[in-house]
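Structure first, then comments.
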Amino acid sequence: MSVTLLAGSATASVALATETPAAAPAATVAPTAPVENLIVGYKSSATEASSNTAAADDATAKGKKAGKKTKFDRRLGTGAALVNLGGATAPADAANVMAQFRADPDVAYVEPDTRAYAMAVTPNDTEYAKQWDLFESTAGMNVPGAWDTTTGSGVTVAVIDTGYVAHSDVAPNIVAGYDFISTSSEARDGNGRDSNPADEGDWNATDGECGVGSKASTSSWHGTHVAGTIAAATNNSKGVAGIAYGAKIQPVRVLGKCGGATSDIVDAITWASGGSVAGVPANATPAKVINMSLGGSGTCGTSYQNAINAAVARGTTVVVAAGNSNANASGFSPASCNNVINVASTNRAGERSYYSNFGTIIDIAAPGGETRRATDTPGTVTTPENAILSTLNAGTTTPGAESYKPYQGTSMAAPHVAGLAALLKSAKSSLTPAQIEAAIKANARPLPGTCTGGCGAGIADAAATVAAVTSTTPPTGGFENTTDVAIGDNTTVESSITVSGVTGNAPATLKVGVNIVHSYIGDLKVDLVAPDGTVYTVHNRSGGSTDNINQVYTVNASSEVANGTWKLRVNDNAGGDTGKIDSWNLTF
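When we follow the numbering used here, the leftmost residue of the sequence shown carries the number 193, and every step to the right adds one.
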């Protein structure tokens with residue numbers, strides 16, 4: 193089976209108390225902005241260090257000397273006193289109050305209660321303003337909000353595609369890959385498989401060259417475009433910003449002239465995820481995320497499924513494009529394979545892109561853009577600003593000068609989700625592929641536009657998903673049980689949560705957060721049991737030898753009265769591996 197790429201038409205403050213202040217403490221510097229509060233650290237021998245009354249009296253007295261109505265507000269966790277200046281105070285007036293405290297030998301330090309801000313500022317990349325897909329509120333993926341927490345550092349993403357053509361905006365994040373194209377004529381590099389994944393071009397000189405109905409075309413440099421979306425260098429004052437710009441890209445070449453063979457792609461999946469392929473050196477930097485913006489017609493074959501299953505078992509999340517045929521994705525491969533995150537494309541209005549495949553097997557949607565509207569003449573480029581801008585090359589056949597260009601396609605949507613998967617894996621390294629997929633789907637937001645046929649859980653939301661997997665407390669409106677419950681071999685155990693104060697029935701999107709520590713989750717069946725005894729299965733012996741369940745499930749419990757005792761029931765149905773329910777929560 194031959195596989196092709198899935199891009200459509202191109203367009204172009206915390207203070208610490210100390211007995212002796214440092215030799216040149218920052219607090220000795222006069223404030224430069226209005227100040228509302230001061231933080232005062234008293235020496236341990238001072239009465240004010242332990243008595244709030246004494247601290248309050250001292251604050252009032254010192255303020256009076258400086259002509260301000262100051263008052264003691266509260267004691268900080270460090271033992272320091274927070275002193276209120278009575279509202280925003282000019283820097284000079286605040287400095288006068290601070291001078292009164294510094295003159296007191298019982299005061300170890302005094303400093304303004306300044307403000308801190310998120311460090312993830314808008315990238316200075318010159319084309320960032322055109323990347324609506326990252327930041328626009330309507331249909332963007334809310335990526336900047338995730339950068340406060342993670343940028344993908346420590347994660348390698350394999351781009352199984354046309355290879356990589358040198359580009360200075362991606363080069364800092366490239367690690368060694370491999371060329372898996374077996375046939376030299378298709379590879380165009382004079383040999384078969386080798387360690388150089390350079391994109392030699394996938395142009396077709398004449399119509400019919402790649403089979404009946406095929407058209408002559410220029411080189412796409414598709415893999416480089418995908419790579420830039422995932423991890424283009426960011427804050428480097430040039431080009432575009434990558435979604436997981438702290439991650440590394442591993443180019444794995446499988447598509448050349450006239451597409452690529454299933455046999456080559458299967459080996460590429462195996463190698464990229466850390467498996468062994470005969471005649472190919474071991475992968476020194478196995479990928480934790482694989483992106484496959486490629487596909488062909490037909491349902492998932494056994495070869496594909498076996499390779500994907502093995503990759504997931506090694507801990508690699510596999511992301512695939514749904515396809516660009518405006519058809520049910522169930523008829524395309526590898527989109528129809530199990531154990532993948534199947535991604536449909538949305539446009540700038542938050543609707544399903546006119547070309548995107550759809551269906552019940554779609555897991556999630558992400559921006560893929562549109563270079564033209566469905567009613568425009570095919571082949572025209574009418575809305576380049578509404579496509580996905582990324583790194584490219586200007587060569588029409590062989591490589592030329594590096595460039596940037598907007599493309600459309602589920603090929604462009606998939607790397608958005610691959611980039612998000614890298615952000616999640618970096619933020620919480622213990623996450624399994626199943627947990628990453630569940631988190632992305634549970635924290636998606638509804639499409640603001642329409643999607644005929646089915647676009648999965650909605651538009652992926654990077655900030656919401658990262659926040660969910662890194663949160664240590666249940667969301668607002670949540671109930672939690674953190675008592676450990678041991679899970680023995682061949683046993684069934686339960687943990688209960690009593691819900692009260694919730695009006696009416698549970699929602700159709702009841703969130704069930706499950707944290708189970710277990711060394712073989714394939715042994716486990718996990719059920720949510722409603723107060724009336726109705727059972728909702730959320731995990732049923734999947735995941736094989738993967739460790740731990742740590743994810744949020746969505747349950748349609750709209751027929752259940754919310755108040756009452758809910759139970760998490762866990763059945764271990766095998767010997768040799770044990771664990772515990774660490775915690776679980778319900779969010780209404």
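Note that CB positions come from ideal geometry on N, CA and C, so glycine has one too.
*For A439, which of I773, D653, G696 and L616 has the nearest alpha-carbon?*
L616
*What span of residues does the alpha helix (DSSP H) with L615 cover, start to end?*
T602 to A619
*Is P304 buried or exposed, if buried means 16 or more other CB atoms sit within 10 Å of its CB?*
buried
_Beta-carbon contacts of F780 that lie in its chain and below 7 angstroms, excluding the five residues immediately before and after_ = G669, V694, A698, P699, L702 and A754
_Please return the same chain residues whose Cβ sits closer than 7 angstroms to the Cβ of F372, not counting the five positions on each side in sequence._
R385, V444, R445, V446, D456, D459 and A460
_What ranges does the beta strand (DSSP E) occupy inside the segment 342-406, keeping only unbroken runs of at least 3 residues that lie completely in it?_
348-353
*Please name the residue, chosen from T314, H710 and G448, that lies closest to P336 on a Cα-to-Cα basis.*
T314
*By how many angstroms is the C-alpha of K717 removed from the C-alpha of R733?*
5 angstroms
*Any idea what DSSP makes of A300, helix, strand or coil?*
strand
*Meets three-Cβ-pair contact criterion under 8 angstroms: the segment 399-413 and the segment 488-497*: no
*asked:* According to DSSP, is T509 part of a helix, a strand, or is it coil?
replied: strand
*asked:* Is it buried or exposed, G471, if we count other Cβ atoms within 10 angstroms and call 16 or more buried?
replied: exposed
*Which residue spans inside the segment 448-476 form an unbroken alpha helix (DSSP H) run of at least 4?*
454-464
*Of all the options R761, A363 and T270, which has the alpha carbon lying nearest to the alpha carbon of N428?*
A363
*Determine the contact status of V532 and I500, defining contact as a CB-CB distance below 8 angstroms.*
yes
*asked:* Rounding to the nearest angstrom, what Cα-Cα distance links T416 and T354 in this structure?
replied: 8 angstroms
*Compute the distance between the beta-carbons of V744 and G705, then report whether it is under 8 angstroms.*
yes
_So S548 and N516 are supposed to be a Cβ contact under 8 angstroms. How far apart are they, rounded?_
7 angstroms
_Alpha carbons only, please: which of Q600, D739, P576 and R540 is nearest the one belonging to P625?_
D739
*Give every residue of the same chain whose Cβ lies closer than 6 angstroms to the Cβ of T657, excluding the five residues on either side of it in the sequence, and list them in chain order.*
A631, I632 and N635
*asked:* Could you compute how far the alpha carbon of V227 sits from the alpha carbon of M290?
replied: 11 angstroms
*Can you tell me which of V351, S412 and N530 puts its alpha carbon nearest to the alpha carbon of A505?*
N530
_Same chain, Cβ closer than 6 angstroms to A464, five either side skipped, listed in chain order_ = A350, V444, A479 and I482
_Using only CA atoms, which one of T343, N383 and V418 lies nearest to H359?_
V418
*For I144, which option in G725, H731, P559 and I689 has the closest C-alpha, if you only look at C-alpha atoms?*
There is simply no residue 144 to check, as the chain begins at 193 and stops at 780 in what is shown.
*Between the CA atoms of A253 and D298 - distance to the nearest angstrom*: 14 angstroms
*Which word fits V609, buried or exposed, when buried means at least 16 other C-beta atoms lie within 10 angstroms of its C-beta?*
buried
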